[in-house]
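4 protein chains.
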Amino acid sequence: MIPTARTLLISCPDRRGIVAAVSQCVLEAGGNIIRSDQHTTDPIGGIFFMRLEFLYMDAPADDSDFTRRFAPVAERFAMDWRLVRTGEPKRMALFVSRLGHCFVDVLWRWHSGELPVKIPLVVSNHPDLEPVAAQYGLPYHYLPIDKTNHLEREAQILDLLEGEADFVVLARYMRVLSPSFVERYSGRIINIHHSFLPAFVGASPYERACERGVKVIGATAHYVTEELDAGPIIEQDVVRVNHRDQVADLKLKGRDIERVVLARAVKWHVEDRVLIYGNRTVVFI
Amino acid sequence: MIPTARTLLISCPDRRGIVAAVSQCVLEAGGNIIRSDQHTTDPIGGIFFMRLEFLYMDAPADDSDFTRRFAPVAERFAMDWRLVRTGEPKRMALFVSRLGHCFVDVLWRWHSGELPVKIPLVVSNHPDLEPVAAQYGLPYHYLPIDKTNHLEREAQILDLLEGEADFVVLARYMRVLSPSFVERYSGRIINIHHSFLPAFVGASPYERACERGVKVIGATAHYVTEELDAGPIIEQDVVRVNHRDQVADLKLKGRDIERVVLARAVKWHVEDRVLIYGNRTVVFI
Amino acid sequence: MIPTARTLLISCPDRRGIVAAVSQCVLEAGGNIIRSDQHTTDPIGGIFFMRLEFLYMDAPADDSDFTRRFAPVAERFAMDWRLVRTGEPKRMALFVSRLGHCFVDVLWRWHSGELPVKIPLVVSNHPDLEPVAAQYGLPYHYLPIDKTNHLEREAQILDLLEGEADFVVLARYMRVLSPSFVERYSGRIINIHHSFLPAFVGASPYERACERGVKVIGATAHYVTEELDAGPIIEQDVVRVNHRDQVADLKLKGRDIERVVLARAVKWHVEDRVLIYGNRTVVFI
Amino acid sequence: MIPTARTLLISCPDRRGIVAAVSQCVLEAGGNIIRSDQHTTDPIGGIFFMRLEFLYMDAPADDSDFTRRFAPVAERFAMDWRLVRTGEPKRMALFVSRLGHCFVDVLWRWHSGELPVKIPLVVSNHPDLEPVAAQYGLPYHYLPIDKTNHLEREAQILDLLEGEADFVVLARYMRVLSPSFVERYSGRIINIHHSFLPAFVGASPYERACERGVKVIGATAHYVTEELDAGPIIEQDVVRVNHRDQVADLKLKGRDIERVVLARAVKWHVEDRVLIYGNRTVVFI
């Protein structure tokens, strides 16, 4: 019998005995812990986070049995928790505009098996990238947006997503989402911003980086919140630039960083490695 | 009462129930786990490594009580284990030759409180760096070594270390230690090699890097084993170079990498974050 | 009139007066220098390298006039030199095997206008990547190679390249080329090797990196010479790994490095930024 | 006779013939160009920057002869220019407060010959680092500053610097200089700021980085201008952090970046590699 893997995610007020209670419970449910990460914001009065991968070793996976055993532990420690099937693909809706580098990169990683996701649909406010979606046989919903139809369009998009998508990736999608949309997919919308936030929040970061004469440029993948480019950061990286680099060069160099930063963030999200607390993330990698 | 911290280090054959047993034992001994890291080389039949920091919360630390409770667990799982007082300084013997950049850097970090070590003595085969040791009031043993007196000198050095040093740092010490010396301090001698091993094992790595025309150079901190520059790697890092860099430039750029790589390795060693298995390391950072 | 750009590449024994003579000649030919890079291996008795971009400002480009003026300068200083039309696409033959990540990446960069190349043909010893080539309408020559037909196949490939390709990119092509093939395209075959050379020359570098327990892995783009993985290095980069990374993880992390390192090397090659001397390169970026 | 080296720095409106005129002039003055870098902000109507190292080969250095020859060229092209003796130490005033890591690092680099500077004096608003200055026999001027005596103190400091210092390095000096002070040493005051500017301008950048949950932290060396942390950036670098890093950890990790970023900026400044234009720098490395 091939062992079946599960990932258990926990957050709760930190106090003594959590690890013992959780690990005992996993043991009794027939599980063998193969990886465990934990973090506490403060051992006295802080929040405790745990991510645990285990295998059901001897018997078929029985998540209802596990849940029955785990419920009292969870209650005792006032836990937020989730049990997920390790490696099970999540359904990712891709939002794009005109620039295709992040889109193509995500698609390629998905197609080559690097990202355990399903892609039920692509949404765009421009028709440009439809041929790319078509290459992979993906439905491409071209929904042009302007000031007059913004909320109506979002309602249409929400309809499309309903029951189809677990999370949303903004792969250089250049429209700001409304607060109600963000609220609906809270903690489940990943954006790639083309600067090392909090520098250059908002529009035209490469132009402003060039003007400021910075010697590094960066990219930031973050969860979208109501405030623009201010949500919890999942991943960042940078690349060196110099006085020779014009805006066009920054864009070119930036592309490679945007792609890998977004790819890492998406991978960690679908592997349930990212936990949000307040405006920060714990990333168990 | 200020809680007292302990670090528990474990390695054993991986099997089910280790985490539950260990965490239960810590709980019963009055400990609150504040950090825990684990790694398995293979969930089925592999080796399990664990590093756990806990606080004695309510009562004075009683390590003999802990040990009494833990002994049967350790026996049951055939564990190698150690309990250490978190943050307690280790005694570090520094070996140097002529080049002072790593030496000065380690001294400064020690002096500024960044490295929790004591430095009982400095050993050198050259007199050059004695003034630096003197600035900090450190005993400097100048023991010139040549082919005729090599083993005799090592015997003298071993006498100096006996009961005085917990581990040895070769801060650009340019003599190869004999197998018996290495054996005596197995897993407790850290060397900084000025290349990204396994490239450029042995003498003159910068000269050879320049000849080969590489575009990055690096530094490697590793535990010393009998085979030259082949021991378990603790840390590595690199820096970009280009066609303009002559050997002298590589040495200059390399210095900065050597210093930080060595400093990280020493810090992780004294904080008991590094576990050796075969010729590799697990580094819990 | 839009100014026409030219790139002038020079190497010669270093002596006084080269820059003055060259820049005077460009001036008299109606050129305005917009970028100039130079390097000398040694101001006394070394080799001098220069790369110069200029614009014909006032009159139509007249390269034969330039050549007539420049010939005596070149002779006087015993120069190797070339004048190329800046930005003119070079014809790149792509060689691939089974792994598609570098192939797809190069294609995407070409397609998006990032790489000024034409791709007359793709050669492979496996059929796997034919669909990818087909997506872009590129001829894909599937030529399976074994020990018995190696030289015959190479002869076929040389026929395909003749008059069609300016240079060859081995995008994870897993066959060693014969010395005569290498000789035929000397300084014009770029390979991407999946390690930071000179570490892990030859087969299975990720497996060997994992065994050695390194803390960084890398990729190296180099010109192919007769000796395996020993040719002039164009570009290298690395990424951090840790004890958790199995061989499969190294391969995944390595992919992203391989792609960008190869892309940079190809870009610099087609922009005539790379000059070879002995077994090293001068890269004017 | 050992050749004598000179560095020539030029900026002027870009137009045709500059390189030819300059290199011809160097040739006639008996110079052999050993390194030349140039940059234009725009080939049509932009600003042209040049840095040129040459050796007087045959005869003793005669800068007045060079100047006589060069003056008409400079006038013709409306050049700002400077001729400096390559490698001649500049006089650096060090300003420090309480934190010693940058101070110690700069001192060590100076002492080991890595930085071609003289250090006529150290200025501080705290007495803490006097012993470090004393180790190296450097005059340490302890001048406590508060709101009431700010301008008076600056006047004292300006007196100390007058005729003694060519430039000022703020090695974690935690007082804002007045506009008139900045004006007096315009383009000659280097500050190290402990963030990747323009993120976290002003006080407590590590605290704010921690709050924002960034995944990289950085350091920026820049010339001081009237506006706080807004002057021309010379160098920046970053280091990865994660959710485990508290403010204290960020400070520790940041130290290593601050030190190398400041050291590079100071080195490039004293080697006359940095040219300022508007609020940016051209750095010829």
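Protein chains in written order, with my numbering: chain C, 1 to 285; chain V, 1 to 285; chain Y, 1 to 285; chain H, 1 to 285. Every residue, glycine too, gets a C-beta built ideally from N, C-alpha and C.
Chain Y contact for residue i (CB, 9 Å cutoff)
{"i": "Gln135(C)", "result": "yes"}
{"i": "Trp108(C)", "result": "yes"}
{"i": "Pro198(V)", "result": "yes"}
{"i": "Ser180(C)", "result": "no"}
{"i": "Ser64(H)", "result": "no"}
CB contact below 9 Å: residue i versus chain C
{"i": "Phe48(H)", "result": "no"}
{"i": "Val260(Y)", "result": "yes"}
{"i": "Gln236(V)", "result": "no"}
{"i": "Ser97(V)", "result": "no"}
Test item: CB-CB of residue i and residue j under 9 Å
{"i": "Ile257(H)", "j": "Val238(H)", "result": "yes"}
{"i": "Gln38(C)", "j": "Met57(C)", "result": "no"}
{"i": "Ala263(Y)", "j": "Val106(Y)", "result": "yes"}
{"i": "Val241(H)", "j": "Val214(H)", "result": "yes"}
{"i": "Ser36(H)", "j": "Glu53(H)", "result": "yes"}
{"i": "Asp128(V)", "j": "Gly87(V)", "result": "no"}
{"i": "Ala171(C)", "j": "Leu94(C)", "result": "yes"}
Heavy atom of the ligand ZN within 8 Å of residue i beta-carbon
{"i": "Phe77(C)", "result": "With respect to the ligand ZN, the structure shown offers nothing to examine, as it has no ligands at all."}
Boundaries (first-last residue) of the alpha helix (DSSP H) holding residue i
{"i": "Val201(Y)", "result": "From DSSP, Val201(Y) is part of no alpha helix (DSSP H); its letter is neither H nor E."}
{"i": "His286(H)", "result": "Here chain H covers residues 1 to 285 and nothing more, so residue 286(H) does not appear."}
Contact set between residue i and chain C, taken where Cβ atoms lie within less than 8 Å
{"i": "Ser36(V)", "result": "Val19, Ser36, Gln38"}
{"i": "Val216(H)", "result": "Phe196, Gly218, Gln236, Asp237, Val238"}
9 Å Cβ cutoff, residue i in contact with chain H
{"i": "Arg16(Y)", "result": "yes"}
{"i": "Asp256(C)", "result": "no"}
{"i": "Ser124(Y)", "result": "no"}
CB contact below 9 Å: residue i versus chain V
{"i": "Ala263(H)", "result": "yes"}
{"i": "Leu9(C)", "result": "no"}
{"i": "Val26(C)", "result": "yes"}
First and last residue of the uninterrupted beta strand (DSSP E) at residue i
{"i": "Thr220(H)", "result": "216-223"}
{"i": "Glu235(Y)", "result": "233-240"}
{"i": "Arg6(Y)", "result": "4-13"}
{"i": "Asp37(C)", "result": "31-40"}
{"i": "Ser124(C)", "result": "117-124"}
{"i": "Leu275(C)", "result": "274-277"}
{"i": "Arg51(C)", "result": "47-56"}
{"i": "Phe93(V)", "result": "Looking at the sequence itself, residue 93(V) is Ala, so the reference to Phe does not match. 90-96 is the span of the beta strand (DSSP E), which, as asked, contains Ala93(V)."}
{"i": "Ile189(V)", "result": "189-193"}
Residues that residue i contacts on chain H, provided the C-beta gap is smaller than 9 Å
{"i": "Asn191(C)", "result": "Under the 9 Å cutoff, chain H gives no residues; its nearest Cβ is about 15 Å from Asn191(C)."}
Option nearest residue i by Cα separation, candidates the options
{"i": "Glu235(H)", "options": "Gly31(C), Ala221(C), Ile217(C)", "result": "Ile217(C)"}
{"i": "Arg175(H)", "options": "Leu27(H), Leu151(H), Ile119(H)", "result": "Leu151(H)"}
{"i": "His222(V)", "options": "Tyr206(V), Val169(V), Pro89(V), Asp272(V)", "result": "Val169(V)"}
{"i": "His111(H)", "options": "Arg212(H), Leu138(H), Val96(H)", "result": "Leu138(H)"}
{"i": "Leu252(V)", "options": "Arg255(H), Asp62(H), Ile157(H), Gly113(H)", "result": "Gly113(H)"}
{"i": "Tyr142(V)", "options": "Thr67(V), Tyr173(V), Val117(V)", "result": "Tyr173(V)"}
{"i": "Thr40(Y)", "options": "Ser195(H), Ile34(H), Gly45(H)", "result": "Ile34(H)"}
{"i": "Cys25(C)", "options": "Met92(C), Ala133(C), Arg68(C)", "result": "Arg68(C)"}
{"i": "Pro131(H)", "options": "Gly163(H), Leu115(H), Phe66(H), Val96(H)", "result": "Val96(H)"}
{"i": "Ala29(Y)", "options": "Ala71(Y), Ile18(Y), Asp166(Y)", "result": "Ala71(Y)"}
Chain-ordered chain C contacts of residue i [CB-CB under 7 Å]
{"i": "Thr281(H)", "result": "Gly213, His243"}
7 Å Cβ cut-off: residues of chain Y touching residue i
{"i": "Val104(C)", "result": "Trp108"}
{"i": "Pro43(H)", "result": "Asn32, Ile34, Leu55"}
Contacts of residue i in chain Y (Cβ-Cβ under 9 Å)
{"i": "Ile145(V)", "result": "Residues of chain Y passing the Cβ test: none, with the nearest at roughly 30 Å."}
Within chain C, the residues that residue i reaches when beta carbons sit closer than 9 Å
{"i": "Pro232(H)", "result": "Gly213"}
Under 8 Å by beta carbon: chain V residues contacting residue i
{"i": "Ser112(H)", "result": "Gly100, His101"}
Proximal residues of chain V, C-beta to C-beta of residue i below 7 Å
{"i": "Leu252(H)", "result": "Glu114"}
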